[in-house]
Amino acid sequence: MRDDVLVGLDIGTTKICVLIAKTEKERDFELIGIGIDPSEGLNKGVITDIEKASRVVRKALNKAEFDAGLKVRQSWVSIAGDHIQAQDSHGLVKIEKGDRIITVKDVEKVLEDASHLVLSPDREIIHVLPQEFLVDEQSRVKKPIGISAATLGVRAHIITAASTCRQNIENGVLQAGYECEGMVLQSLASAMATLFPEEEDLGVALLDIGGGTTDLAIFLREGMRYTTVLGVGGNHITNDIAVGFHTTRAKAEDIKVRYGSASLSCLDTDEKIEVERVAGRETYIASGEELVEVIQPRVEEMFELVDRELKKSGYKDLITAGVVLTGGCSLLRGIKEVSEKKLGLPTRIGYTRIKEPKEFTSPIYATAVGLILYGIKKREESVSKDKLGVRIKEWLKEFF
Ligand SMILES: Nc1ncnc2c1ncn2[C@@H]1O[C@H](COP(=O)(O)OP(=O)(O)OP(=O)(O)O)[C@@H](O)[C@H]1O
Ligand SMILES: [Mg+2]
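According to my numbering, the sequence shown is numbered sequentially starting from 9.
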């Protein structure tokens, strides 16, 4: 596989999305291949049928390869699901006597120290995300390398996953005939594609609302502070419509996307909505208002769950930059209004910060675009580390 080619593989509950990018100078990239297929064998972000999932992964990768006109071998893959957990940790090391200048090796050691957690045997670390370094008495240091000190400390946010879920993703990709270059938490990838550095510094809550999961990640002073995955998403809204109007899920999905709104003030249809019902019942003519009556309570309930998490995190009063909604469900009319009402925080929709092609600015592609950005960052870091002649474990590379 060519050095200037990167692949993002977003394994979502509703769609598998592959992007192939050609990197250019200074973190710029061009999307040269795209492959999307409806997911199979997934539930709430987790692979439940490896055969089916790997078949769709292969199909999507093949489509993207055909589109790009080249073969690929490895990809950056997303991981999500409510098995994801996070906890804060800290590490401390003494700097060797001599000139006492902090080196890459010291940073490596302090991160290793922070990652010595008592984990149950069925869990693994997927990210060690430094929040800030402490150099002697001085806290909130972002780049400690080169500073002279007696001790180096770190506060880090550690993301763990159920080993079986992580393994199933890796095996699914392998069975499809490809390899994982690395695994990336869905909300971390989506954040890279949609958030501005100023927001991450001021304090922001990112919510990736997909089909099966809602992923929350809170950033403050440019570090991830809190993350959790809730097992609710757009599919629940679709189900409510299907049950409420006695129709199929496919029809309910179509109605939701075409006419649905989470608040009356954002309803932009006065059309009569034809709903074909199941089991030979006659077609029902629904109004937009009736649809809002079904959608709104579910969306409000989703934001009540989010609000509970924000309060539990202890960061609710610190997220000055407010909330950014991304993922497919953020396209639902009126969702921003419900977020502002229920959370009491300013909210915007997180489109991806890419220039071309325009359709890939949609929040649906936030994770896939973020995987490409993450991959570019990691490759740059490993190039600079090779120059330093240092090799460390994959998950220790997070902070550079
Ligand atoms: N225009 C729209 N209006 C309302 N909902 C939409 C719209 N477009 C997509 N959705 C909803 O977004 C959801 C899919 O979002 P997304 O593609 O981000 O999910 P996913 O990544 O496959 O799932 P997850 O991240 O939960 O594993 C579906 O429930 C779909 O109905
Ligand atoms: Mg998703």
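Cβ atoms here follow ideal geometry from the backbone N, Cα and C, with glycine treated the same way.
Quick caveat: nothing in here was measured; it's all calculated off a predicted structure.
Worksheet item: Quick one: is the Cβ of Lys60 within less than 7 Å of any heavy atom of ligand 1?
Response: The count along the sequence shown starts at 1 and reaches residue 60 at position 52. No, the Cβ of Lys60 stays beyond 7 Å of every heavy atom of ligand 1.
Item to complete: Identify the continuous beta strand (DSSP E) that holds Glu140 and give its terminal residues.
Response: For the purposes of this step, residue 140 is identified with residue 132 of the sequence shown, where counting begins at 1. Run containing Glu140: Arg131 to Val143, per the beta strand (DSSP E) assignment.
Discussion item. Extract the residue ranges of the beta strand (DSSP E) inside the region 24-86, only unbroken runs of 3 or more that lie entirely within it.
Written reply: 37-46
Worksheet item: Does Lys366 come within less than 8 Å of chain B when only Cβ atoms are used?
Response: No chain B is present in this structure, which holds just one protein chain.
Discussion item. For Val118 and Leu100, which I take to be in contact (beta-carbon distance under 8 Å), what is that distance rounded to the nearest angstrom?
Written reply: Position 110 of the sequence shown, counted from the first residue, corresponds to residue 118. Position 92 of the sequence shown, counted from the first residue, corresponds to residue 100. At roughly 7 Å, the Cβ-Cβ gap stays under 8 Å, so Val118 and Leu100 are in contact.
Worksheet entry | Host alpha helix (DSSP H) of Leu228 (start-end) | If you number the sequence shown from 1, residue 228 lands on position 220. That residue, Leu228, is in no alpha helix (DSSP H); its beta strand (DSSP E) goes Thr222 to Leu228.
Worksheet item: Heavy atom of ligand 2 less than 7 Å from the Cβ of Asp114, yes or no?
Response: Within the sequence shown, the letter at position 106 stands for residue 114. Asp114: no, Cβ never under 7 Å from ligand 2.
Item to complete: Return the Cβ separation of Gly252 and Thr277 in integer angstroms, given the expectation that the two are a contact with Cβ distance under 8 Å.
Response: Walking along the sequence shown from the start, residue 252 turns up at place 244. Walking along the sequence shown from the start, residue 277 turns up at place 269. Not quite, the Cβ-Cβ distance comes to about 17 Å (not below 8 Å), so this is no contact.
Worksheet entry | Whole-angstrom distance between Glu345 and Leu353, CA atom to CA atom | Stepping through the sequence shown from its first residue, residue 353 is reached at position 345. Stepping through the sequence shown from its first residue, residue 345 is reached at position 337. Cα-Cα distance, rounded: 10 Å.
Worksheet entry | Residues of its chain near Lys401, where Cβ-Cβ distance is below 7 Å and the 5 sequence neighbours each way are ignored | Looking up residue 401 in the sequence shown gives position 393. At Lys401, the pLDDT of 44 sits below 50, so the modelled position is not reliable; the number obtained from the coordinates is stated separately. Closer than 7 Å at Cβ, skipping near neighbours: no residue.
Worksheet entry | Cutoff 8 Å; reference Asn51; Cβ partners in own chain excluding five residues on either side | Position 43 of the sequence shown, counted from the start, is the residue given in the question as residue 51. Only Thr21 and Gly220 meet the Cβ criterion.
Worksheet item: When burial is assigned at 16 or more other CB atoms within 10 Å of the CB, is Phe204 buried or exposed?
Response: Sequence index remark: in the sequence shown, residue 204 carries index 196 (1-based). Exposed, since its Cβ has fewer than 16 Cβ neighbours within 10 Å.
Discussion item. Can you tell me whether Val332 is helix, strand or coil according to DSSP?
Written reply: Position 324 of the sequence shown holds residue 332. It is a strand residue.
Worksheet item: If Ile169 sits next to Ile87, beta carbons under 8 Å apart, how far is it from one beta carbon to the other, in whole angstroms?
Response: Here residue 169 refers to the residue found at position 161 of the sequence shown. Here residue 87 refers to the residue found at position 79 of the sequence shown. Checking the displayed sequence, the identity of residue 169 turns out to be Ala instead of Ile. Yes, Ala169 and Ile87 are in contact; Cβ-Cβ is about 6 Å, under 8 Å.
Item to complete: Using alpha carbons as the reference points, say which of Gln95, Thr355 and Pro46 lies closest to Lys71.
Response: Here residue 71 refers to the residue found at position 63 of the sequence shown. Selected option, being the one with the closest Cα: Pro46.
Fill in: Terminal residues of the beta strand (DSSP E) in which Arg163 lies
For the purposes of this step, residue 163 is identified with residue 155 of the sequence shown, where counting begins at 1. Element bounds for Arg163: Thr159 to Ala170.
Discussion item. With H, G and I counted as helix, E and B as strand and the rest as coil, what does DSSP make of Arg257?
Written reply: Taking the sequence shown and counting its residues from 1, the one referred to as residue 257 is at position 249. In the structure shown, Arg257 sits in a helix (DSSP, three-state: H, G or I).
Worksheet item: Any idea what DSSP makes of Glu402, helix, strand or coil?
Response: What you label residue 402 is simply residue 394 of the sequence shown in a count that begins at 1. With a pLDDT of only 45 at Glu402, under 50, the local geometry of the prediction cannot be trusted, and the value read off the model is given with reservation. Assigned with DSSP and collapsed to three states, Glu402 falls in helix.
Worksheet entry | Unbroken alpha helix (DSSP H) run spanning Arg306, endpoints | Here residue 306 refers to the residue found at position 298 of the sequence shown. Looking at the DSSP string, the run of the alpha helix (DSSP H) that includes Arg306 is Gly296 to Ser321.
Discussion item. Can you look up Gly190 in the DSSP assignment and give me helix, strand or coil?
Written reply: Here residue 190 refers to the residue found at position 182 when the sequence shown is read from its first residue. The three-state secondary structure of Gly190, taken from DSSP, is strand.
Worksheet item: Does ligand 1 have a heavy atom nearer than 7 Å to the CB of Val265?
Response: Position 257 of the sequence shown, counting from 1, holds the residue named residue 265. True, at least one ligand heavy atom lies under 7 Å from that Cβ.
Item to complete: Check whether the Cβ of Gln194 sits closer than 7 Å to any heavy atom of ligand 1, and report yes or no.
Response: Residue numbering aside, residue 194 sits at position 186 when the sequence shown is read from its first letter. Checking every heavy atom of ligand 1 against the Cβ of Gln194, one is found closer than 7 Å.
Discussion item. What does DSSP give as the partner residue(s) for His244 in the beta ladder?
Written reply: Here residue 244 corresponds to residue number 236 of the sequence shown, with the count starting at 1. Beta-bridge pairing links His244 to no other residue.
Worksheet item: Under the criterion of a Cβ to heavy atom distance below 7 Å, does Asp90 qualify as lining ligand 2?
Response: The residue labelled residue 90 in the question sits at position 82 within the sequence shown. No - ligand 2 has no heavy atom lying nearer than 7 Å to the Cβ of Asp90.
Discussion item. Do Ile249 and Ala258 count as a contact pair if the criterion is CB distance below 8 Å?
Written reply: Looking up residue 258 in the sequence shown gives position 250. Looking up residue 249 in the sequence shown gives position 241. It is not a contact, given that the beta carbons lie outside the stated cut-off.
Worksheet item: For Gly211, which option in Ala199, Gly218, Arg163 and Ile226 has the closest C-alpha, if you only look at C-alpha atoms?
Response: Numbered from 1 along the sequence shown, position 203 holds the residue referred to as residue 211. Among Ala199, Gly218, Arg163 and Ile226, the Cα nearest to that of Gly211 is on Ile226.
Discussion item. Using only the alpha-carbon positions, how far apart do Pro365 and Leu39 sit?
Written reply: Locating residue 365 in the sequence shown gives position 357, where the first residue counts as 1. Locating residue 39 in the sequence shown gives position 31, where the first residue counts as 1. Cα to Cα, Pro365 sits roughly 8 Å from Leu39.
Discussion item. With a threshold of 8 Å, are at least 3 pairs of Cβ atoms found where one atom belongs to the region 314-332 and the other to the region 280-288?
Written reply: no
Worksheet entry | Three CB pairs or more closer than 8 Å across the region 59-79 and the region 96-112 | no
Item to complete: Taking the CB atoms as reference points, tell me whether Thr172 and Asp130 lie closer together than 8 Å.
Response: Within the sequence shown, numbered from 1, the residue matching residue 172 stands at position 164. Within the sequence shown, numbered from 1, the residue matching residue 130 stands at position 122. Yes, Cβ-Cβ distance for Thr172 and Asp130 is below 8 Å.
Worksheet item: So, helix, strand or coil for Arg356, using DSSP?
Response: Against the sequence shown, residue 356 aligns to sequence position 348. Strand at Arg356.
Worksheet item: What did DSSP end up calling Ala88 once you bin it into helix, strand or coil?
Response: Counting from one through the sequence shown, the residue named residue 88 turns up at place 80. Here Ala88 sits in coil by DSSP.
Worksheet item: For Lys102, which beta-bridge partners are listed by DSSP?
Response: For the purposes of this step, residue 102 is taken as the residue at position 94 of the sequence shown. DSSP output for Lys102 lists Thr159 as bridge partner(s).
Worksheet entry | Local conformation of Met409 per DSSP, three classes | The structure shown has nothing for residue 409, since the chain only spans 9 to 408.
Item to complete: In the DSSP assignment, find the unbroken beta strand (DSSP E) run with Ala122 in it and report its ends.
Response: Reading the sequence shown from its first residue, position 114 is the one you call residue 122. Careful: Ala122 lies outside any beta strand (DSSP E), inside the alpha helix (DSSP H) at Val112 to Ala122.
Worksheet item: Taking the alpha-carbon positions, what's the Tyr186 to Leu17 distance?
Response: For this step, residue 186 is matched to residue 178 along the sequence shown. For this step, residue 17 is matched to residue 9 along the sequence shown. Rounded to whole angstroms, Tyr186 to Leu17 spans 11 Å at the Cα level.
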